[in-house]
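Trainee: Under numbering that gives the first Met the number 0, the residue at position 138 of the sequence shown is numbered 137, and the numbers go up by one with no gaps.
Okay, here's the structure, questions in a sec.
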Amino acid sequence: MNYQELDQAISKRMRKWGIPAVRISFAIIFFWFGILKPFGLSAATGLLKATVAWLPFGSPDTWLVVIGWWEVVIGITFLFRKTTKIAIALLLLQMVGTFMPLVFLPEITFQNGNYLLPTLEGQYIIKNVMIISAALIVGGTLFKKQGN
0 MNYQELDQAI
10 SKRMRKWGIP
20 AVRISFAIIF
30 FWFGILKPFG
40 LSAATGLLKA
50 TVAWLPFGSP
60 DTWLVVIGWW
70 EVVIGITFLF
80 RKTTKIAIAL
90 LLLQMVGTFM
100 PLVFLPEITF
110 QNGNYLLPTL
120 EGQYIIKNVM
130 IISAALIVGG
140 TLFKKQGN
């Protein structure tokens with residue numbers, strides 16, 4: 000087997016397993032991180048509560064539970080191809096809230112008010128751009144043309 004054949008064989012396997020791997024990764028991450036929130040065990044509890052404290056309805060503790068279970072549902076729906084569109088919709092809605100600390104809590108998400116220097120919390124939030132991108136790629140594989 001020459002280099003080009005090896006390269007094609009590897010690419011073929013990556014095409015076959017890439018999307019399922021991303022879906023399963025999403026399922027693990029969202030379920031795991033989500034289930035910690037209702038039990039107050041998440042490292043993000045303080046940040047999440049500070050982010051939602053200004054909301055005119057619901058307490059931060061209630062929002063912690065709601066968001067945690069929302070993430071669990073995202074994780075579960077990513078497990079099944081038939082519910083992946085639901086998972087992506089829920090994920091994109093959840094991401095709106097995920098980015099809120101960058102706007103409402105810049106003193107926590109950026110160092111000394113410098114928007115080019117995110118804190119660890121800010122980095123944790125900004126990496127969600129990659130999660131959104133991966134969700135768009137997965138979603139782009141779900142549509143089948145008529146006749147295929």
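Glycine included, each C-beta is placed from N, C-alpha and C at the ideal position.
1) Quick check on P55: does DSSP put it in helix, strand or coil?
2) Mind checking S132: buried by the 16 CB within 10 Å criterion, or exposed?
3) Evaluate W31 with the Cβ neighbour count: other Cβ atoms within 10 Å of its Cβ, from every protein chain shown; 16 or more gives buried, anything less gives exposed.
4) Going by CA-CA distance only, name the one from A43, L141, S24, A49 that's closest to L119.
5) Taking the beta strand (DSSP E) that L104 falls in, what are its first and last residues?
6) Is L90 helix, strand or coil when you go by DSSP?
7) Select from K15, R14, W68 the residue whose C-alpha is nearest the C-alpha of F38.
8) Determine which residues share a DSSP beta bridge with P117 and list them.
Mentor: Judging by the given coordinates:
1) If you number the sequence shown from 1, residue 55 lands on position 56. Note: P55 maps to coil in three-state DSSP.
2) Counting from 1 along the sequence shown, the entry for residue 132 is found at position 133. Around the beta carbon of S132, a 10 Å sphere encloses fewer than 16 other beta carbons of the protein chains shown; the residue is thus reported as exposed.
3) Translated into the one-based positions of the sequence shown, residue 31 becomes position 32. With fewer than 16 other Cβ atoms within 10 Å, it is exposed.
4) Here residue 119 is taken as the residue at index 120 of the sequence shown, counted from 1. Proximity to L119 across A43, L141, S24, A49 peaks at A43, based on C-alpha coordinates.
5) Along the sequence shown, read from residue 1 onward, the residue named residue 104 stands at position 105. Per DSSP, L104 lies in no beta strand (DSSP E) and is assigned neither H nor E.
6) Counting from one through the sequence shown, the residue named residue 90 turns up at place 91. Residue state, collapsed to three classes: helix.
7) Position 39 of the sequence shown, counted from the start, is the residue given in the question as residue 38. It is W68.
8) Counted from its first residue, the sequence shown places residue 117 at position 118. Paired residues: F109.
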